[in-house]
Amino acid sequence: MIGLTGEVLEPGMPGYDAARKPAMARFHHIRPRAVVRCASTEDVVRTLDIARREGIHVVPRGGGHCFAGRSSTEGIVLDLSPLRSVSVSAGVATIGAGATLSDVYDELAPHGLTLPAGCGATVGIAGLTLGGGLGILGRRYGLTCDRLRAARVVLADGRVVDCAADREPELFWALRGAGGGQFGVVTSLVFDPVPAPDATRFELIWPRADAAAVVAAWQEWAPDAPDGLSANLKITATEVVAFGAMLGTESAVPLPPPATERMARMPYGELKRSLATLGSAEPAEPGPVVSKSEFFRRPLPARAIASLLASSGEDVELNFTPMGGAYNRVPARESAFVHRTERFLLEHAGLDAARVRRSWATVHPWGSGRVYPNFPDPDLTDWARAYHGDNHSRLARVKHAYDPRRLFRFPQSL
Ligand SMILES: Cc1cc2nc3c(=O)[nH]c(=O)nc-3n(C[C@H](O)[C@H](O)[C@H](O)COP(=O)(O)OP(=O)(O)OC[C@H]3O[C@@H](n4cnc5c(N)ncnc54)[C@H](O)[C@@H]3O)c2cc1C
């Protein structure tokens with residue numbers, strides 16, 4: 017492709033094979049016609065122009081962690097990873113759409129700043145923000161997308177727009193939480209960062225036999241805990257781990273006494289690095305991890321917990337994430353992210369899709385029917401309601417206004 021500043025990798029070229037594979041092993045078989053390493057907004061404009069004229073499917077890719085493989089295609093992958101600059105000016109952070117979370121944390125740290133965002137070091141800031149963004153500072157500061165102040169977007173027709181609350185407000189509204197890859201290609205994001213706090217990292221471990229008692233206590237406590245306390249719960253084949261951070265002196269953890277307890281006060285950057293491997297199912301090679309999830313507005317009764325633990329067994333890892341706090345103080349219509357009355361999110365992850373589905377189905381009757389757009393689930397039939405609730409019709413209007421010919425599309429896209 018003529019005139020691009022970035023690299024174009026096509027089948028057979030050195031580097032193509034590494035470049036085509038996203039982080040998630042399940043989608044490593046997909047072979048794009050080309051991977052365009054975009055080094056500028058202009059590269060995105062030119063590539064979209066070719067895709068539009070030649071009718072080629074095109075998808076943006078940041079960190080490549082989409083659970084549903086939406087940043088892979090047999091058409092053109094727009095790899096935004098070269099656009100990873102992070103700068104701070106007048107207290108505002110401008111971040112290239114190809115930056116990963118570790119780029120963001122490392123570059124903001126010297127300014128004493130950070131963003132409330134996830135723990136996975138290689139997750140992309142753009143994908144995470146466009147679908148919401150949950151993390152250990154979220155109960156105090158809200159979603160990553162709640163800190164977004166502006167974004168530069170290349171639209172389907174090639175126009176470049178800077179959107180914010182007072183410029184292209186409907187596009188800006190839709191970018192905050194509906195899920196990436198639907199309205200245009202974001203090339204940079206402007207955030208209102210928060211102070212990077214010192215915090216107490218905690219990790220409490222029980223044998224798996226204690227799981228029912230720990231889940232019962234956790235679900236009554238973690239969603240209502242003080243905003244400065246964020247406690248995730250992970251259940252593996254052998255153990256139960258509650259982990260997270262306390263920002264202040266919130267020290268009372270009303271859970272059964274653990275077998276092992278680790279607590280340490282540390283700078284925020286160190287805390288994030290140390291939690292990176294404890295969060296959502298890291299796609300450890302060669303594991304093609306399958307994940308299903310749902311939000312819950314009420315505690316699970318004891319019999320549901322018992323069935324869940326029996327059906328997840330040794331093959332399905334369970335991750336509980338607390339909501340509440342600042343997440344739930346933003347009105348559901350203020351941004352595209354509609355899930356503002358949920359108590360917790362439960363993710364089921366494993367290598368065996370049938371077992372993951374069974375585990376999910378066991379507690380589905382107690383779920384709210386809503387699903388986090390950043391944990392997309394190809395099985396969902398009523399996906400519009402699950403991801404977007406009452407915001408769906410407004411999102412459909414924004415889609416029609418900005419991408420009427422659906423250049424940006426995937427199964428379950430608007
Ligand atoms: C190991 C792991 C840890 C995780 N931890 C967390 C966590 O702590 N908190 C949390 O909230 N979520 C977490 N997630 C989920 C994560 O938020 C989503 O997978 C997210 O979509 C990943 O973004 P990405 O850029 O890495 O992925 P990609 O696959 O590159 O992108 C995801 C979607 O966004 C689109 N997209 C990417 N970049 C752009 C862009 N510049 N413009 C427009 N669309 C774009 C893609 O086309 C795709 O549809 C985790 C996932 C994994 C695998």
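Per the working numbering, the sequence shown runs over residues 17 to 430. Just so it is clear, CB atoms sit at the ideal spot from N, CA and C, and this is done for glycine as well.
Of S103, G114, G112, the smallest CA-CA separation from L129 is found for S103. With a cutoff of 7 Å, F311 does not count as near ligand 1, since its C-beta is closer than that to no heavy atom of the ligand. With respect to the 8 Å criterion, E26 and Y32 are classified as neighbours on the basis of their beta carbons. Looking at the DSSP output, C179 shares a beta bridge with A167. Looking at the DSSP output, L334 sits in a beta bridge with I251, H364. Of the candidates L159, L191, P211, R386, P211 places its Cα closest to the Cα of P283.
The DSSP-derived three-state label of K37 is coil.
In the three-state DSSP reduction, P211 falls in the strand class (E or B). Judged by their CB atoms, K250 and Y121 are not nearer to each other than the 8 Å cut-off. Checking the 7 Å criterion, the Cβ of C82 is within range of a heavy atom belonging to ligand 1.
Listed in chain order, the non-local C-beta contacts of A113 below 7 Å within the same chain comprise G78, L96, L99, A142, V202, T203, S204, L205, local neighbours out to five positions each way being set aside. A direct Cα-to-Cα measurement between R281 and L94 gives close to 41 Å. Fewer than three pairs of CB atoms, one per stretch, sit closer than 8 Å, so the region 190-199 makes no contact with the region 224-231. Under the 8 Å Cβ criterion, the region 242-257 counts as touching the region 332-340, having at least three qualifying pairs. For L146, the secondary structure class from DSSP, reduced to helix, strand or coil, is helix. According to DSSP, residue pairing for V120 in a beta bridge does not occur. Distances from the CB of L150 to the heavy atoms of ligand 1 include at least one below 7 Å. The straight-line gap separating the alpha-carbon atoms of F353 and P272 is approximately 34 Å.
Contact fails between the region 301-319 and the region 171-183, because fewer than three Cβ pairs, one in each stretch, are under 8 Å apart.
Annotated as proximal: E90 and P48, with beta-carbon spacing under 8 Å. For the options D59, D395, E358, the alpha carbon positioned closest to that of G383 is the one of E358.
Ranking A326, V414, G329, M262 by CA distance to the CA of L153 puts M262 first. Comparing alpha-carbon positions, the option among T216, L159, Q235, I111 lying closest to R168 turns out to be I111.
Taking T138 as reference, the option from R155, L131, H127, S118 with the minimal CA-CA separation is S118. For A142, the Cβ falls inside the 7 Å cut-off from some heavy atom of ligand 1. For E70, the enclosing alpha helix (DSSP H) stretches over residues 57-70. Per DSSP, P27 lies in no beta strand (DSSP E) and is assigned neither H nor E.
Across the set L294, G285, G193, the C-alpha of L294 shows the shortest separation from the C-alpha of G260. Taking 8 Å as the cut-off, the beta carbon of V74 is found no closer than this to the beta carbon of S88. With at least 16 other beta carbons inside 10 angstroms of its own, H404 counts as buried. A distance below 6 Å between beta-carbons, with the five flanking residues on each side excluded, links N390 to the following residues of its chain, in chain order: G147, G148.
Ranking V231, R62, A181 by CA distance to the CA of I321 puts V231 first. Taking non-hydrogen atoms of ligand 1 into account, the C-beta of P76 is found less than 7 Å away from one of them.
Within the DSSP bridge table, the entry for V108 names S105 as partners.
Distance from the CA of A377 to the CA of G285, rounded to the nearest whole angstrom, comes to 37 Å. Closer than 7 Å to some heavy atom of ligand 1: that does not describe the Cβ of G341.
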